[in-house]
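Notes to accompany the following structure.
There are 2 protein chains.
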Amino acid sequence: MGKVRVAAIGVSMDGFAAGPDQSLENPLGVRGPELFSWFFPTKTFNDMHGSGGGTTGLDDQFAQRSFKNVGSWILGRNMFGPVRGPWPDESWKGWWGANPPYHVPTFVLTHHARAPLEMEGGTRFIFVTDGIQSALRQAQQAAGDKDVRIGGGASTIRQYLKAGLVDEMHLALMPVLMGKGENLFSGLNLHELGFKCVERVPTEQATHVVLKK
Amino acid sequence: MGKVRVAAIGVSMDGFAAGPDQSLENPLGVRGPELFSWFFPTKTFNDMHGSGGGTTGLDDQFAQRSFKNVGSWILGRNMFGPVRGPWPDESWKGWWGANPPYHVPTFVLTHHARAPLEMEGGTRFIFVTDGIQSALRQAQQAAGDKDVRIGGGASTIRQYLKAGLVDEMHLALMPVLMGKGENLFSGLNLHELGFKCVERVPTEQATHVVLKK
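Below you can see the structure in the form of structure tokens.
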């Protein structure tokens with residue numbers, strides 16, 4: 051069985067992994083994109099979005115690593131979209147258009163049942179209503195020998211961390227003060243959960259850290 | 051008038067500027083010294099403690115800067131010592147021995163009056179019982195054209211930040227997970243307070259950031 055991984059999460063100095071007031075216009079919350087200014091210029095990001103070009107340095111190496119050997123994803127409902135409460139219809143199919151950047155089975159945590167969605171490029175969104183443990187079991191089965199990547203958002207990551215279900219986490223620590231938004235660390239004691247920093251790579255944009263148990 | 055500065059504060063990835071359970075044995079809280087592992091090897095620190103030697107690279111440059119042009123200090127009561135409540139006697143004279151590393155007037159915030167303490171090397175501890183604004187006024191008067199340095203701990207720094215009284219802050223962001231202790235950011239919105247990162251210097255030990263309004 052592969053690992054359960056969190057990767058490529060931009061975090062502000064004050065601990066926020068997304069800005070406040072997520073909406074259709076601000077999928078990452080207000081000022082959220084500042085947490086990903088290390089990622090957007092990379093070749094990996096530009097390849098995903100078909101624009102070509104991009105940087106190939108250390109930031110890109112971390113971006114690449116984040117997608118390597120991923121057999122399935124788990125996303126929180128808010129990472130899938132801005133719709134809250136029961137699904138009004140089937141029209142919302144994620145932020146990413148017809149061909150999302152996952153290309154593997156992708157489990158979406160929600161309290162509201164919905165039929166699976168088959169997208170272009172191999173992404174299949176499966177909606178899981180019976181909790182994080184069930185989503186992980188399904189994701190691990192789908193991933194086989196490969197890793198399960200917990201995509202986010204912060205609340206979903208915190209839930210998996212708290213339950214002791216995450217093996218490895220790559221964060222990109224950004225010189226940004228968010229002030230409010232989704233805090234990655236609140237209510238968590240990662241030291242007691244057994245995590246420590248096993249790798250630290252500062253670049254011009256970010257300080258990349260890999261945390262493992 | 052000089053600036054009001056916070057400097058050389060080690061901060062964990064999860065936002066703690068000191069460990070939990072401060073005591074006579076653990077002045078920086080349990081595991082607190084891990085936040086200062088960038089500072090202890092520097093020439094500046096070794097000069098202060100008379101042991102000689104020490105590194106002279108970027109970490110030392112930030113350590114040096116932190117002491118430059120400082121005309122007075124403000125310390126929270128817990129940074130002055132582990133004694134809580136009314137002073138049982140005059141025996142506690144700080145963590146630092148007969149010759150503390152301040153060498154200027156140093157104002158200690160407390161709810162319990164106490165006569166000033168004249169130490170060797172120019173440090174004079176003055177105990178202020180009427181609040182942070184009063185302490186700052188007295189410290190600025192003592193500093194003249196020089197800067198007032200808010201030494202800590204986290205709670206004292208947070209109070210001055212919240213009141214909008216800090217001009218500049220140097221943090222050393224450390225690849226450490228503290229889990230619990232004194233959080234520097236909790237209850238603060240440094241973005242709304244007008245701070246942004248104006249300088250970022252990663253070293254092997256820390257990512258130094260300077261935040262200004």
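Residue numbers (my numbering), protein chains in the order written: chain A, 51 to 263; chain B, 51 to 263. Ideal Cβ positions, reconstructed from N, Cα and C, are used throughout, including at glycine. None of these values were measured; they are calculated from a predicted model.
Cβ-based neighbour list, residue 218 (chain B), same chain, cut-off 6 Å, excluding 5 preceding and 5 following:
Walking along the second sequence from the start, residue 218 (chain B) turns up at place 168. Taken in chain order, the residues that qualify are 53, 55 and 262.
Could you work out which residue in A:90, A:131, A:157 and A:66 is closest to residue 199 (chain A) when comparing CA atoms only?
In the first sequence, counting from the first residue as 1, residue 199 (chain A) sits at position 149. Closest by alpha carbon: A:157.
Give a yes or no on whether the C-beta atoms belonging to residue 248 (chain A) and residue 258 (chain A) are separated by under 8 Å.
Against the first sequence, residue 248 (chain A) aligns to sequence position 198. Against the first sequence, residue 258 (chain A) aligns to sequence position 208. Cβ atoms of residue 248 (chain A) and residue 258 (chain A): not closer than 8 Å.
I'd like to know if the region 132–145 of chain B and the region 215–235 of chain B are in contact, where contact means that at least 3 CB-CB pairs between them fall below 8 Å.
no
For residue 149 (chain B), list the residues DSSP reports as bridge partners.
Within the second sequence, residue 149 (chain B) is the residue found at index 99, counting from 1. Looking at the DSSP assignment, residue 149 (chain B) forms no beta bridge with any residue, so it has no partner.
Determine which residues of the region 96–113 of chain B have a Cβ less than 8 Å from any Cβ of chain A, and write them out in chain order.
none
Quick check: residue 107 (chain B) and residue 224 (chain B), are their CB atoms within less than 8 Å of each other?
As a first step, residue 107 (chain B) is located in the second sequence; it is residue number 57 there, counting from the start. As a first step, residue 224 (chain B) is located in the second sequence; it is residue number 174 there, counting from the start. No, these two residues do not count as a Cβ contact at 8 Å.
Taking contact to mean 3 or more Cβ pairs, one atom from each stretch, closer than 8 Å, check whether the region 230–246 of chain A and the region 63–72 of chain A are in contact.
yes
Cβ neighbours of residue 91 (chain B) in the same chain (closer than 7 Å, five flanking residues each side left out)
Position 41 of the second sequence, counted from the first residue, corresponds to residue 91 (chain B). Counting only Cβ-Cβ distances below 7 Å, and skipping sequence neighbours, we find 104 and 105.
Residue burial classification, residue 163 (chain A) (beta-carbon count within 10 angstroms, cutoff 16)
Looking up residue 163 (chain A) in the first sequence gives position 113. That one is exposed.
Excluding the 5 residues preceding and the 5 following residue 192 (chain B) in the sequence, name in chain order all residues of the same chain whose CB lies nearer than 6 Å to its CB.
Position 142 of the second sequence, counted from the start, is the residue given in the question as residue 192 (chain B). Excluding sequence neighbours, residue 192 (chain B) sits near 122 and 155.
Which partner residues does residue 177 (chain A) have in the DSSP bridge list?
Residue mapping note: residue 177 (chain A) aligns to position 127 of the first sequence, counting from 1. A:158, per the DSSP bridge assignment.
Mapping DSSP to helix, strand and coil, what is residue 96 (chain A)?
Within the first sequence, numbered from 1, the residue matching residue 96 (chain A) stands at position 46. Residue 96 (chain A): helix per DSSP, three-state reduction.
Have a look at residue 167 (chain B) and residue 236 (chain A) and give me their C-alpha separation to the nearest angstrom.
Along the second sequence, read from residue 1 onward, the residue named residue 167 (chain B) stands at position 117. Along the first sequence, read from residue 1 onward, the residue named residue 236 (chain A) stands at position 186. Their Cα atoms are separated by approximately 40 Å.
Report all residues from its chain with a CB closer than 7 Å to the CB of residue 98 (chain A); omit the five preceding and five following residues, and keep chain order.
For this step, residue 98 (chain A) is matched to residue 48 along the first sequence. Result list for residue 98 (chain A): 151, in chain order.
Candidates A:51, A:79 and A:109: which alpha carbon is nearest residue 221 (chain A)'s?
For the purposes of this step, residue 221 (chain A) is identified with residue 171 of the first sequence, where counting begins at 1. Ranking A:51, A:79 and A:109 by Cα distance to residue 221 (chain A) puts A:109 first.
Could you tell me which of B:65, B:85 and B:100 sits nearest to residue 149 (chain B), measuring between CA atoms?
Here residue 149 (chain B) refers to the residue found at position 99 of the second sequence. The shortest C-alpha separation from residue 149 (chain B) is found at B:100.
Run the CB neighbour count on residue 255 (chain A), radius 10 Å, all protein chains shown included, and call it buried at 16 or more, exposed below.
Along the first sequence, read from residue 1 onward, the residue named residue 255 (chain A) stands at position 205. Residue 255 (chain A) comes out buried.
Taking Cβ to Cβ, would you say residue 159 (chain A) is nearer than 8 Å to residue 206 (chain A)?
The residue labelled residue 159 (chain A) in the question sits at position 109 within the first sequence. The residue labelled residue 206 (chain A) in the question sits at position 156 within the first sequence. Result yes, Cβ atoms of residue 159 (chain A) and residue 206 (chain A) sit closer than 8 Å.
So, are the CB atoms of residue 171 (chain A) and residue 64 (chain B) less than 8 Å apart?
Numbered from 1 along the first sequence, position 121 holds the residue referred to as residue 171 (chain A). Numbered from 1 along the second sequence, position 14 holds the residue referred to as residue 64 (chain B). The answer is no: Cβ separation not under 8 Å.
May I ask you to list, following chain order, the residues of the region 52–81 of chain A that have a beta carbon less than 7 Å from some beta carbon of chain B?
63, 64 and 65
Beta-carbon neighbours of residue 241 (chain A), restricted to chain B and to distances below 7 Å
Translated into positions along the first sequence, residue 241 (chain A) becomes position 191. Near residue 241 (chain A) (Cβ distances below 7 Å), the residues of chain B are 227, 228 and 229.
Locate the alpha helix (DSSP H) running through residue 122 (chain A), then write down its first and last residues.
As a working mapping, residue 122 (chain A) is identified with position 72 in the first sequence. No alpha helix (DSSP H) contains residue 122 (chain A), which is instead part of the beta strand (DSSP E) from 120–125.
How big is the Cα-Cα spacing for residue 260 (chain B) and residue 169 (chain B)?
Your numbering for residue 260 (chain B) matches position 210 in the second sequence. Your numbering for residue 169 (chain B) matches position 119 in the second sequence. In a straight line, the C-alpha of residue 260 (chain B) is about 32 Å away from that of residue 169 (chain B).
Residue 250 (chain A) at chain B interface by Cβ criterion, 8 Å:
Numbered from its first residue, the first sequence carries residue 250 (chain A) at position 200. Judged by the 8 Å Cβ criterion, residue 250 (chain A) is in contact with chain B.
Express the C-alpha separation of residue 174 (chain A) and residue 58 (chain B) in angstroms, rounding to a whole number.
The residue you call residue 58 (chain B) lines up with position 8 of the second sequence. The residue you call residue 174 (chain A) lines up with position 124 of the first sequence. Approximately 49 Å, taken between the alpha carbons.
Please report the distance separating the alpha-carbon of residue 242 (chain B) from that of residue 165 (chain A).
Position 192 of the second sequence holds residue 242 (chain B). Position 115 of the first sequence holds residue 165 (chain A). Approximately 42 Å between the Cα atoms of the pair.
Interface residues of the region 199–218 of chain B facing chain A [CB-CB below 9 Å]:
none
Please confirm if residue 245 (chain B) has its CB atom under 8 Å from at least one CB of chain A.
Taking the first residue of the second sequence as position 1, residue 245 (chain B) is located at position 195. With 8 Å as the cut-off, residue 245 (chain B) counts as an interface residue toward chain A.
For the alpha helix (DSSP H) that contains residue 197 (chain A), what are its first and last residues?
Locating residue 197 (chain A) in the first sequence gives position 147, where the first residue counts as 1. From DSSP, residue 197 (chain A) is part of no alpha helix (DSSP H) but of the beta strand (DSSP E) over 197–202.
Using the beta-carbon count (16 or more within 10 Å), is residue 244 (chain A) buried or exposed?
By one-based count along the first sequence, residue 244 (chain A) stands at place 194. Classification for residue 244 (chain A): exposed.
Neighbourhood of residue 201 (chain A) by C-beta distance below 7 Å, restricted to the same chain and skipping five residues each side
Position 151 of the first sequence, counted from the start, is the residue given in the question as residue 201 (chain A). Result list for residue 201 (chain A): 123, 124, 125 and 129, in chain order.
When the distance is taken between beta carbons, is residue 234 (chain B) closer than 8 Å to residue 208 (chain B)?
Position 158 of the second sequence holds residue 208 (chain B). Position 184 of the second sequence holds residue 234 (chain B). Contact flag set, yes.
Nearest-angstrom Cα distance between residue 80 (chain A) and residue 62 (chain A)?
What you label residue 80 (chain A) is simply residue 30 of the first sequence in a count that begins at 1. What you label residue 62 (chain A) is simply residue 12 of the first sequence in a count that begins at 1. Spanning the two alpha carbons is a distance of roughly 13 Å.
List the residues of chain A that residue 173 (chain B) touches, going by C-beta distances under 8 Å, in chain order.
In the second sequence, residue 173 (chain B) corresponds to position 123, counting from 1. By Cβ distance, chain A contributes nothing, its closest Cβ being about 32 Å from residue 173 (chain B), past 8 Å.
List the residues of chain B whose Cβ lies closer than 7 Å to the Cβ of residue 235 (chain A), in chain order.
Here residue 235 (chain A) refers to the residue found at position 185 of the first sequence. Those are 64 and 65, listed as they occur along chain B.
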